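Take a look at the structure set out below.
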Amino acid sequence: AQKVTQAQTEISVVEKEDVTLDCVYETRDTTYYLFWYKQPPSGELVFLIRRNSFDEQNEISGRYSWNFQKSTSSFNFTITASQVVDSAVYFCALSVGNQFYFGTGTSLTVIP
Amino acid sequence: NAGVTQTPKFQVLKTGQSMTLQCAQDMNHEYMSWYRQDPGMGLRLIHYSVGAGITDQGEVPNGYNVSRSTTEDFPLRLLSAAPSQTSVYFCASRRIYGYTFGSGTRLTVV
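Written as structure tokens, this is what we have:
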């Protein structure tokens, strides 16, 4: 069975602090994709990153970075120097075949 | 503009009423899917389609019907709405593991 766990339900940080959002996934398939999506208060789902199961290279995009570790089945997301505009719900997701599994989301509040 | 278009954005139904949530994409994606988002539960897959004429059930299909007569359109039908179907519904399309989501439909069943 496939599963995505985001153990952090809510996180609050002060602006300019770094914050890491955790994501742990479960699958027995060797081919899969991992995603992060951002859902701001406006409600739309904004794609942030996709990583396939054969590429464990970490990625950095501006203030965002992702750490993919197959050994621990984790795909963590770090925001450096957080800003108020980062306040949103962040979803980690797993894609296996034609099925797509979301975590329950982490609500991030960045306090000015 | 390329993307996934959902209509309506908001809808209130009475228990027992029927309605169709519309979803259209202009990216020629074969795969389309419907999700519902409920507080504390993330998004859950309702139904999906891998091409015109082909549909299959996801995690929570009960109470919903779908059909796929064209590549562009993938409507979701509620035949007899129930308060448990109060949720935010997202349609998405996918090509080679890149998902694009619509802006969502907020449905309230009273």
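First to last, the sequence lines map onto chains A and B.
The C-terminal residue of the first sequence carries number 113 in the working numbering, and the numbering is unbroken.
The C-terminal residue of the second sequence carries number 120 in the working numbering, and the numbering is unbroken.
Ideal Cβ placement from N, Cα and C applies to all residues, glycine included.
No experiment lies behind these values; they were computed from the predicted model shown.
Reduced DSSP category for threonine 73 of chain A - H, G, I as helix; E, B as strand; rest coil: Along the first sequence, read from residue 1 onward, the residue named residue 73 of chain A stands at position 72. In the structure shown, threonine 73 of chain A sits in a helix (DSSP, three-state: H, G or I).
Cβ neighbours of serine 108 of chain A in the same chain (closer than 6 Å, five flanking residues each side left out): In the first sequence, residue 108 of chain A corresponds to position 107, counting from 1. Cβ neighbours of serine 108 of chain A beyond the five flanking positions: Glu11, Val90.
Among A:Leu22, A:Leu49, A:Val5, nearest to threonine 28 of chain A - alpha-carbon criterion: By one-based count along the first sequence, residue 28 of chain A stands at place 27. Nearest of A:Leu22, A:Leu49, A:Val5 to threonine 28 of chain A, Cα basis: A:Val5.
Neighbour list for glutamate 45 of chain A in chain B, Cβ cutoff strictly below 8 Å: Looking up residue 45 of chain A in the first sequence gives position 44. Those are Phe111, Ser113, Gly114, listed as they occur along chain B.
When B:Arg116, B:Cys33, B:Val119, B:Ser28 are compared against glutamate 82 of chain B, the one with the closest alpha-carbon: To locate residue 82 of chain B, count along the second sequence from 1; it is residue 72. Looking at the Cα atoms, B:Cys33 is the closest of the given residues.
Contact with chain B by asparagine 77 of chain A, beta-carbon distance below 8 Å: On the first sequence, position 76 is the one that residue 77 of chain A refers to. No, its Cβ sits nowhere closer than 8 Å to a Cβ of chain B.
CA-to-CA distance, glutamine 40 of chain A to glycine 106 of chain A, given in whole angstroms: Residue 106 of chain A sits at position 105 when you count from the first residue of the first sequence. Residue 40 of chain A sits at position 39 when you count from the first residue of the first sequence. Whole-angstrom Cα-Cα distance: 9 Å.
Interface residues of chain A facing glycine 68 of chain B [CB-CB closer than 8 Å]: Reading the second sequence from its first residue, position 58 is the one you call residue 68 of chain B. The answer, in chain order, is Gln100.
As assigned by DSSP and simplified to three states, the class of valine 85 of chain A: Counted from its first residue, the first sequence places residue 85 of chain A at position 84. Note: valine 85 of chain A maps to helix in three-state DSSP.
Secondary structure of glutamine 21 of chain B, DSSP reduced to three states: Here residue 21 of chain B corresponds to residue number 11 of the second sequence, with the count starting at 1. Correct three-state label for glutamine 21 of chain B: strand.
When B:Met29, B:Val76, B:Phe20, B:Val119 are compared against tryptophan 44 of chain B, the one with the closest alpha-carbon: Position 34 of the second sequence, counted from the first residue, corresponds to residue 44 of chain B. Ranking B:Met29, B:Val76, B:Phe20, B:Val119 by Cα distance to tryptophan 44 of chain B puts B:Val76 first.
Strand pairing of leucine 88 of chain B, partner residues [DSSP]: Position 78 of the second sequence holds residue 88 of chain B. DSSP output for leucine 88 of chain B lists B:Met29, B:Tyr74 as bridge partner(s).
Chain B contacts from the region 51-81 of chain A (Cβ-Cβ distance under 9 Å): Arg51, Asn53
Supposed contact pair valine 119 of chain B and threonine 15 of chain B - C-beta distance, whole angstroms, cut 8 Å: Numbered from 1 along the second sequence, position 5 holds the residue referred to as residue 15 of chain B. Numbered from 1 along the second sequence, position 109 holds the residue referred to as residue 119 of chain B. 23 Å between Cβ atoms; not a contact.
Buried or exposed (CB count within 10 angstroms, at least 16 for buried), glutamine 47 of chain B: Counted from its first residue, the second sequence places residue 47 of chain B at position 37. Answer is buried; the Cβ neighbour count reaches 16.
Under 9 Å by beta carbon: chain A residues contacting leucine 86 of chain B: Counting from 1 along the second sequence, the entry for residue 86 of chain B is found at position 76. By Cβ distance, chain A contributes nothing, its closest Cβ being about 16 Å from leucine 86 of chain B, past 9 Å.
Partners in chain B for threonine 105 of chain A, counting only beta-carbon separations shorter than 7 Å: One-based indexing of the first sequence puts residue 105 of chain A at position 104. Under the 7 Å cutoff, chain B gives Gly50, Met51, Gly52.
Backbone CA spacing between tyrosine 33 of chain A and serine 90 of chain B [nearest angstrom]: Numbered from its first residue, the first sequence carries residue 33 of chain A at position 32. Numbered from its first residue, the second sequence carries residue 90 of chain B at position 80. Each residue's alpha carbon lies about 36 Å from the other.
Serine 79 of chain B, DSSP secondary structure in three states: Residue mapping note: residue 79 of chain B aligns to position 69 of the second sequence, counting from 1. DSSP places serine 79 of chain B in coil when its eight states are reduced to three.
Of the listed residues B:Ile56, B:Thr96, B:Tyr58, B:Gly68, nearest to glutamine 21 of chain B (C-alpha basis): For the purposes of this step, residue 21 of chain B is identified with residue 11 of the second sequence, where counting begins at 1. Nearest option by C-alpha distance: B:Thr96.
CA nearest to the CA of glycine 50 of chain B, picked from B:Leu117, B:Val98, B:Thr110: On the second sequence, position 40 is the one that residue 50 of chain B refers to. Measuring from the Cα of glycine 50 of chain B, the nearest candidate turns out to be B:Val98.
In DSSP terms, what aspartate 114 of chain A is bridged to: For chain A, the structure presents residues 2 to 113; residue 114 of chain A sits outside this window and is missing.
Beta-carbon gap between serine 75 of chain A and glutamate 16 of chain A smaller than 8 Å: By one-based count along the first sequence, residue 75 of chain A stands at place 74. By one-based count along the first sequence, residue 16 of chain A stands at place 15. Against a cut-off of 8 Å, the Cβ pair of glutamate 16 of chain A and serine 75 of chain A comes out as no contact.
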